[in-house]
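Colleague:
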Amino acid sequence: MTPELFRRLVTQASHAPSVHNVQPARWRLDGDTAWLFEDRQVRLPAADPTGHDAAMSLGAALEGFAMAASLEGLHVSIGRADDDATSDLRPVARLTFEPGGVEDPLTAHVAARQSWRGDFPTPSSEDRQAAASLASPDCIPVTGPHTIRAIAQLSDMASFGFMLQDAFRAELLSWMRLRRRHPDWARDGLNADAMRLGLLEKLGAGLVMGRGFRPLLHYRLAEKLLSEVDRTAGAAAIVVFHRPQGEDPFDSGRAFYRAWLRIEGAGFGAAVLAALADDPESAKTLAAMVELPEGRRIVSAFRIGRRPQDAAFARARRLLDELIV
Ligand SMILES: Cc1cc2nc3c(=O)[nH]c(=O)nc-3n(C[C@H](O)[C@H](O)[C@H](O)COP(=O)(O)O)c2cc1C
66 MTPELFRRLV
76 TQASHAPSVH
86 NVQPARWRLD
96 GDTAWLFEDR
106 QVRLPAADPT
116 GHDAAMSLGA
126 ALEGFAMAAS
136 LEGLHVSIGR
146 ADDDATSDLR
156 PVARLTFEPG
166 GVEDPLTAHV
176 AARQSWRGDF
186 PTPSSEDRQA
196 AASLASPDCI
206 PVTGPHTIRA
216 IAQLSDMASF
226 GFMLQDAFRA
236 ELLSWMRLRR
246 RHPDWARDGL
256 NADAMRLGLL
266 EKLGAGLVMG
276 RGFRPLLHYR
286 LAEKLLSEVD
296 RTAGAAAIVV
306 FHRPQGEDPF
316 DSGRAFYRAW
326 LRIEGAGFGA
336 AVLAALADDP
346 ESAKTLAAMV
356 ELPEGRRIVS
366 AFRIGRRPQD
376 AAFARARRLL
386 DELIV
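The working numbering numbers the first residue of the sequence shown as 66 and each following residue consecutively.
1. Since S142 is in the alpha helix (DSSP H), which residue starts that stretch and which ends it?
2. Could you name the residues, in chain order, whose CB is less than 7 Å away from a heavy atom belonging to ligand 1?
3. Note down, in chain order, each residue of its chain lying with its Cβ closer than 6 Å to the Cβ of H140, except the 5 sequence neighbours on either side.
4. At the level of alpha carbons, what is the spacing between F367 and L338?
5. So what does I369 bridge to, in DSSP terms?
6. Could you check what DSSP says for A10 in three-state terms: helix, strand or coil?
7. At which residues does the beta strand (DSSP E) containing T98 begin and terminate?
8. In terms of residue numbering, what span does the alpha helix (DSSP H) encompassing L265 cover?
9. Three or more C-beta pairs under 8 Å: does that hold for the stretch 369 to 380 against the stretch 250 to 269?
10. Alpha carbon to alpha carbon, what distance is there between L384 and R242?
11. Considering only the alpha carbon of each residue, which of H283, R372, A352 lies closest to W181?
12. What residues in its chain sit with their C-beta under 8 Å from that of A340, if we drop five residues either side in the sequence?
13. So if DSSP puts L255 in a beta bridge, which residue, or which two residues, is it bridged to?
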């Protein structure tokens, strides 16, 4: 493993999704061994108190790294590292390389994948069929418009439940970059382009999420302003992502990224509806709606649909020198 190749692999890995775009993965090359660490300074105590989403994000980054290595003909062997919870840089995995890696076909979709949080054009019956064909051992696509609307309402209720928590809102707001001149606009978190906020929404978002929330709540406006029901209901499908109960979230994160790349490969844009999985009552309702198989857990969900023509925007990512420690 040369430093140049390692840098290329880390660059590819950095395209992986991460919760609130905090990008917790850090990398080190030590001779022929590479290390994946978690930067615990970017933990989300309010949104992710157990570190579940951080672990998923690390799994996704590792999957991105292994996929990129496959393009170079390398197979990556992964040893999980001991959890050293006290240091800011927590070792997560030790990686070694062998020749004989087979090119992973999902790598073809890494460059185009990004969260699409805007509206979808009205789905055609072909779109619904294409979405239905995404059914796999860990994905259940829901394509019936009535069920999609019911899930959209459930998702809104679950999200709003989290929004009612002051600490959750404050933390989310601290990762939002509403103005282009924000120093971290292009570096991390959720910028206004990624959130598809128009000019007025940009001005309003800070207010709704911050000082204005309580007064708006009083007039029952907060819920309306934050509602995504119509946008979610306009999806071609809701894809429910599920994994074995008790699976390490790191491994769920690897599979999550692969599921997202399969969605991208079918020509769909996707936005994550994590609240559906994170709120236990909603997850239970959703499990019943989709007849979740025994022994499985809903880990996440996506709303998916075709993207409009001008949908692409620049990714916000940390520079390589921050990622390699
Ligand atoms: C564990 C996890 C949970 C996520 N939850 C949400 C969510 O609830 N809502 C959302 O819009 N995006 C969610 N995302 C997507 C991230 O915000 C997104 O991947 C990140 O901002 C990077 O942007 P990109 O997907 O465009 O590369 C989640 C991603 C991960 C890995």
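The C-beta atom is built at its ideal place from N, Cα and C for all residues, glycine as well. Predicted model, so just to flag it, every value in this text is computed and none were measured.
Modeller: Reading it off the structure:
1. Counting along the chain, S142 falls outside any alpha helix (DSSP H), though it belongs to the beta strand (DSSP E) covering 139 to 145.
2. In chain order, the hits are H80, P82, S83, V84, H85, N86, D118, M121, S122, A125, R178, Q179, S180, R182, L255, A259, G318, F321, A336, V337, L338, A339, A340, S365, R380.
3. E163, G165, G166
4. 5 Å
5. Paired residue(s): A302, A335.
6. Only positions 66 to 390 of the chain appear in the structure, and residue 10 is not among them; the question remains open.
7. 98 to 104
8. 264 to 274
9. Contact holds: three or more Cβ-Cβ distances are below 8 Å.
10. 17 Å
11. Comparing alpha-carbon positions, the option among H283, R372, A352 lying closest to W181 turns out to be R372.
12. S220, A223, S224, G226, F227, S347
13. M241
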